[in-house]
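For what it's worth, the numbering used here labels the leading residue of the sequence shown as 4, then goes sequentially.
We put the CB at the ideal spot given by N, CA and C, even for glycine.
Everything numeric in this text was worked out from a predicted model, so none of it was measured.
Here the structure is laid out as structure tokens; the discussion comes afterwards.
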Amino acid sequence: MAGTGRKIFIDSSILIAFIDGGNSNHLIASKAIRDLASLGYRLYTSSEVIIESYTLFSNEVGSSVVLEFLQTMLQSNIEILFPQKADLITAHRILRVNKDKQIPLNEALNATLMQKRGIFQILTFAHWSNLFGTVASRA
């Protein structure tokens, strides 16, 4: 199948828009995820993205909705990446070297996980610092 080697990381801004039908970017995020899957992209996210999305949802909707979101993520074809201590050490180094850029810890950690897996694109509505040469694809 064409495109089976293509990988893309899905960040929380996309997941939130995808799940929340009232979000102004819902249709864009839904179409982007469907299109990527149909083109044979391997979709990835991280446990940090799942936790961040879950936390944001839990503040806005009922517990049954956030539990459904978590179940959907666990049953989806999106591979969830989990950090190890070495990944946190690498993220810490990134932050120390880039003190002037004010990069958030979750971004440095996700970039570390992406680099480790050879993922060079992230689908996002948010700002991205292009760490390790990654490219932000806007939905």
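Within its chain, find whatever has a CB closer than 7 angstroms to the CB of D23; leave out the 5 residues flanking it on each side and keep chain order.
As a working note, residue 23 is residue 20 in the sequence shown. H29.
Answer yes or no: the CB of N113 versus the heavy atoms of the ligand ADP, is any distance below 6 angstroms?
With respect to the ligand ADP, the structure offers nothing, as it holds no ligand at all.
Does the Cβ-Cβ distance between L84 and L46 come in under 7 angstroms?
Taking the first residue of the sequence shown as position 1, residue 84 is located at position 81. Taking the first residue of the sequence shown as position 1, residue 46 is located at position 43. Cβ atoms of L84 and L46: not closer than 7 angstroms.
Tell whether a beta-carbon distance below 7 angstroms holds between A32 and I53.
As a working mapping, residue 32 is identified with position 29 in the sequence shown. As a working mapping, residue 53 is identified with position 50 in the sequence shown. No, the Cβ-Cβ distance between A32 and I53 is not below 7 angstroms.
Per DSSP, which residues does R45 bridge with? Please list them.
What you label residue 45 is simply residue 42 of the sequence shown in a count that begins at 1. Per DSSP, K10.
If the criterion is Cβ atoms closer than 7 angstroms, does the pair I97 and F12 meet it?
Translated into the one-based positions of the sequence shown, residue 97 becomes position 94. Translated into the one-based positions of the sequence shown, residue 12 becomes position 9. Cβ distance not < 7 angstroms, so I97 and F12 don't count as in contact.
Under 7 angstroms Cβ to Cβ from A129, same chain only, skipping five residues before and after it: list those, please.
Here residue 129 refers to the residue found at position 126 of the sequence shown. Within its own chain, the residues whose Cβ lies closer than 7 angstroms to the Cβ of A129, once the five positions on either side in sequence are excluded, are D14, S16, listed in chain order.
Please look up how many angstroms separate the CB atoms of I81 and T48, rounded, as I've assumed it's under 8 angstroms.
Position 78 of the sequence shown, counting from 1, holds the residue named residue 81. Position 45 of the sequence shown, counting from 1, holds the residue named residue 48. Confirmed, about 5 angstroms.
Could you tell me the alpha carbon to alpha carbon distance between I92 and E71, rounded to whole angstroms?
Sequence index remark: in the sequence shown, residue 92 carries index 89 (1-based). Sequence index remark: in the sequence shown, residue 71 carries index 68 (1-based). Spanning the two alpha carbons is a distance of roughly 33 angstroms.
Here's the rule: buried if 16 or more other CB atoms are within 10 angstroms of the residue's CB, otherwise exposed. What is A111?
Reading the sequence shown from its first residue, position 108 is the one you call residue 111. A residue is called buried once 16 or more other Cβ atoms fall within 10 Å of its Cβ, and A111 is buried on that count.
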